[in-house]
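Per my numbering: the sequence shown = residues 13 to 97.
Beta carbons are placed, not taken as given, at the ideal position from N, Cα and C, and that holds for glycine.
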Amino acid sequence: MSNPRETAPQPSLTIDALGKKCPIPIIMLAEQINQVPMNAVVAVLADDPAAFTDVPAWCRLKSHHHVGSYELPEGGWAIHVRRNY
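Structural data, given as structure tokens:
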């Protein structure tokens with residue numbers, strides 16, 4: 013797992029899904045990813061363990077790029093997704 017301050021790209025949009033169970037973080041990502049420019053990064057903040065695997069799987073399904081998942085100091089992850097289209 014990477015240190016977010018060292019390697020995480022600066023997101024254009026942060027979606028706070030902390031405390032929400034899947035599939036809510038994915039629904040929030042799907043609804044909001046088109047608000048950022050092409051090739052911009054969206055950070056999904058999530059602490060549901062299912063989101064750790066479900067968001068990257070959604071990226072593969074929808075042909076977006078899972079940049080990385082970075083541990084948050086307070087628990088959970090910032091899951092970074094690059095918009096491909």
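Check	Outcome
Looking only at its own chain, which residues have a Cβ that is under 7 Å from the Cβ of K33, when we skip the five neighbours before and after it?	D60
Tell me the residue span of the alpha helix (DSSP H) that contains A62.	61 to 74
Using a threshold of 8 Å, state whether the C-beta atoms of R95 and V48 are closer than that.	yes
In angstroms with no decimal places, state the Cα-to-Cα distance between W89 and Y97.	24 Å
Could you give the distance in angstroms between the alpha-carbon of R72 and the alpha-carbon of V79?	12 Å
So what does R53 bridge to, in DSSP terms?	Correcting the residue type first, residue 53 is Val in the shown sequence and not Arg. DSSP lists R94 as partners of V53.
Taking the alpha helix (DSSP H) that E43 belongs to, which residues open and close that run?	36 to 44
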